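These protein sequence lines map, in sequence, to chains A and B. Taking this note's numbering, the leading residue of the first sequence gets 221, the next gets one more, and so forth. Taking this note's numbering, the leading residue of the second sequence gets 221, the next gets one more, and so forth. We put the CB at the ideal spot given by N, CA and C, even for glycine. All values derive from a computational prediction rather than experimental measurement. Remarks on the structure that follows.
2 protein chains.
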Amino acid sequence: MSTSESDPAVATRETILAAATALFGDLDYPGTSIRDIARAVDMLPGSIYAYIDSKEAILYTIVSTGIEQFVAAVESLDPATAPDERLEQAIRAHVDIVAENPQRALVVFHQWRYLGDESRAKVITARRRYEEFFRATIGEGIKTQAFRSDLDVRYATLTVLGALNWTPEWVHADDPASADSGRKLADILLAGLRPVDEDTP
Amino acid sequence: MSTSESDPAVATRETILAAATALFGDLDYPGTSIRDIARAVDMLPGSIYAYIDSKEAILYTIVSTGIEQFVAAVESLDPATAPDERLEQAIRAHVDIVAENPQRALVVFHQWRYLGDESRAKVITARRRYEEFFRATIGEGIKTQAFRSDLDVRYATLTVLGALNWTPEWVHADDPASADSGRKLADILLAGLRPVDEDTP
DNA sequence: CCTACCGATCGGTAGG
DNA sequence: CCTACCGATCGGTAGG
Numbered sequence: 221m222s223t224s225e226s227d228p229a230v231a232t233r234e235t236i237l238a239a240a241t242a243l244f245g246d247l248d249y250p251g252t253s254i255r256d257i258a259r260a261v262d263m264l265p266g267s268i269y270a271y272i273d274s275k276e277a278i279l280y281t282i283v284s285t286g287i288e289q290f291v292a293a294v295e296s297l298d299p300a301t302a303p304d305e306r307l308e309q310a311i312r313a314h315v316d317i318v319a320e321n322p323q324r325a326l327v328v329f330h331q332w333r334y335l336g337d338e339s340r341a342k343v344i345t346a347r348r349r350y351e352e353f354f355r356a357t358i359g360e361g362i363k364t365q366a367f368r369s370d371l372d373v374r375y376a377t378l379t380v381l382g383a384l385n386w387t388p389e390w391v392h393a394d395d396p397a398s399a400d401s402g403r404k405l406a407d408i409l410l411a412g413l414r415p416v417d418e419d420t421p
Numbered sequence: 221m222s223t224s225e226s227d228p229a230v231a232t233r234e235t236i237l238a239a240a241t242a243l244f245g246d247l248d249y250p251g252t253s254i255r256d257i258a259r260a261v262d263m264l265p266g267s268i269y270a271y272i273d274s275k276e277a278i279l280y281t282i283v284s285t286g287i288e289q290f291v292a293a294v295e296s297l298d299p300a301t302a303p304d305e306r307l308e309q310a311i312r313a314h315v316d317i318v319a320e321n322p323q324r325a326l327v328v329f330h331q332w333r334y335l336g337d338e339s340r341a342k343v344i345t346a347r348r349r350y351e352e353f354f355r356a357t358i359g360e361g362i363k364t365q366a367f368r369s370d371l372d373v374r375y376a377t378l379t380v381l382g383a384l385n386w387t388p389e390w391v392h393a394d395d396p397a398s399a400d401s402g403r404k405l406a407d408i409l410l411a412g413l414r415p416v417d418e419d420t421p
């Protein structure tokens, strides 16, 4: 029951998961073999199975804990905050999490496809919750007139999510400018949603 | 030298490429085997090699002709058109090409990673040209004051490209509404770039 | 386009 | 965490 950080088996498991995340991010799940992961952590291929159940279980752990991190970030935002400000906070939180580990973000948002049926269904549910936050926040912003009344919620959401899902391609890991990146991205995206006469202070 | 559409060998080659595009789009390049492709076109695995040189040559053909299609679309736009209008045309052209075959777009924009060094370098050059068109057009729009003077060209370009690269996830093949999708996407993206006082007619 | 096949590599396991 | 191994599958080829 003890899973403190000093548990060596847990530490080894974390090392394996971190190595797998980097490899999946570079070469994709089917392009990465258990032997590749073993080599990265200086083990023999069979030894990996002392720490994990299967190759797919590695992917599932990475993807499910990853998507939960994104969901938790937006769902912990204060719902009393004005929708446009809340959307900005969500965009910045997303960029921050991507900047922590862009390869992990790449795995989380693209490689759930390789999961088996049950695992994939669970992950898709979490992804939907994440997307739903953005859709709801944008919809709310239209109601409060923080955003343009003629805005199509579907397309506005797809634009924001598209820009966010592209961030792992250009955000650098541990980039000290990532806070700035989030702010600039939010600035442009929000400008596209705001009514003309309320754009600048 | 004759490569008319009635050449049966060319037709078979096209059939193989189309099947491979769909499979790569669904399961990725490393997740798709030559045997999968052969099954899809009702051949035995070895027979494929009468039409193509290697598995990687299939990917290279799909990706290079695909990216050229996107580049050609934007580079054929009239450079005399106002930058904001030209950007709208480019966004709509992008969505139209994605709608023709979303799986192909997925392969073109994500799976060039699996190419060998020389092939990958060629494709990256074409990708850069495509991105450069958007960067240059946005930069031009700032100069002509069609876009906000305080706009950061880098982030504006990344926002537009992100939204465009996400379209294969939601545009449906042969969607009759795809023209509408392009227009709505362009509308939101351009609103984010335009100055406040010139937004609506 | 088929038959028949190659060496390499895959995910995973038994038994310690 | 290692030794030793399994059956399955991989990309690709010779020879027709």
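Helix or strand or just coil, what does DSSP make of residue i?
| i | result |
| --- | --- |
| phenylalanine 353 of chain B | helix |
| isoleucine 287 of chain B | helix |
| tyrosine 269 of chain B | helix |
| threonine 241 of chain A | helix |
| asparagine 321 of chain B | coil |
| aspartate 304 of chain B | helix |
| arginine 340 of chain B | helix |
| valine 315 of chain B | helix |
| phenylalanine 329 of chain B | helix |
| threonine 364 of chain A | coil |
| threonine 377 of chain A | helix |
| alanine 249 of chain B | The sequence given here places tyrosine at residue 249 of chain B; alanine does not occur at that position. The answer is coil: DSSP assigns tyrosine 249 of chain B none of H, G, I, E or B. |
| tryptophan 390 of chain A | coil |
| alanine 383 of chain B | helix |
| alanine 397 of chain A | coil |
| aspartate 407 of chain B | helix |
| leucine 279 of chain A | helix |
| valine 261 of chain B | coil |
| proline 299 of chain A | coil |
| arginine 414 of chain A | coil |
| aspartate 370 of chain B | coil |
| aspartate 256 of chain B | helix |
Using the rule of at least 16 other Cβ atoms within 10 Å of the residue's Cβ for burial, across every protein chain shown, is residue i buried or exposed?
| i | result |
| --- | --- |
| glutamate 295 of chain A | exposed |
| tyrosine 269 of chain A | exposed |
| arginine 368 of chain B | buried |
| aspartate 370 of chain B | exposed |
| glycine 266 of chain A | exposed |
| arginine 374 of chain B | exposed |
| alanine 325 of chain A | buried |
| isoleucine 362 of chain B | buried |
From residue i to residue j, what does the alpha carbon distance come to, in whole angstroms?
| i | j | result |
| --- | --- | --- |
| phenylalanine 354 of chain B | alanine 242 of chain A | 30 Å |
| serine 398 of chain B | arginine 340 of chain A | 28 Å |
| alanine 313 of chain B | serine 274 of chain A | 44 Å |
| methionine 212 of chain B | glutamine 331 of chain A | Residue 212 of chain B lies beyond the residue range present for chain B, which begins at 221 and ends at 421; the question has no answer from this structure. |
| leucine 260 of chain B | alanine 239 of chain B | Rather than leucine, the amino acid found at residue 260 of chain B in this sequence is alanine. Cα to Cα, alanine 260 of chain B sits roughly 6 Å from alanine 239 of chain B. |
| arginine 348 of chain A | alanine 310 of chain A | 15 Å |
| phenylalanine 244 of chain B | threonine 285 of chain B | 15 Å |
| threonine 377 of chain B | glutamine 289 of chain A | 27 Å |
| lysine 342 of chain A | valine 283 of chain A | 10 Å |
| isoleucine 358 of chain B | alanine 383 of chain B | 15 Å |
| aspartate 407 of chain A | aspartate 394 of chain B | 34 Å |
| leucine 247 of chain A | glutamate 352 of chain B | 26 Å |
| tyrosine 271 of chain A | isoleucine 344 of chain A | 26 Å |
| alanine 366 of chain B | threonine 281 of chain B | 38 Å |
| threonine 235 of chain B | glycine 251 of chain B | 20 Å |
| tyrosine 249 of chain A | isoleucine 278 of chain B | 20 Å |
| leucine 413 of chain B | leucine 307 of chain A | 18 Å |
| threonine 364 of chain A | leucine 410 of chain A | 15 Å |
| valine 226 of chain B | valine 315 of chain A | The amino acid occupying residue 226 of chain B in the given sequence is serine; valine does not appear at that position. If you take the alpha carbons of serine 226 of chain B and valine 315 of chain A, they lie about 52 Å apart. |
| valine 230 of chain B | alanine 293 of chain B | 25 Å |
| valine 380 of chain A | glutamate 305 of chain A | 14 Å |
| valine 416 of chain B | isoleucine 287 of chain A | 36 Å |
| valine 391 of chain B | valine 327 of chain A | 22 Å |
| leucine 237 of chain B | glutamate 276 of chain A | 29 Å |
| threonine 232 of chain A | phenylalanine 329 of chain B | 35 Å |
| valine 291 of chain A | alanine 356 of chain A | 14 Å |
| glutamate 360 of chain A | alanine 346 of chain A | 21 Å |
| aspartate 372 of chain B | tyrosine 350 of chain B | 19 Å |
For the ligand HEM, any of its heavy atoms closer than 7 Å to the Cβ of residue i?
| i | result |
| --- | --- |
| tryptophan 386 of chain A | Absent from the structure shown: the ligand HEM. Ligands present: none. |
With a cut-off of 8 Å, do at least 3 Cβ pairs link the region 292–304 of chain B to the region 250–257 of chain B?
-> no
contact_flag[the region 313–328 of chain B, the region 384–401 of chain B] where n(CB pairs < 8 Å) is 3 or more:
yes
**Report entry** Inter-stretch contact (C-beta, 8 Å, three-pair minimum) for the region 331–341 of chain B and the region 398–405 of chain B
**Finding:** no
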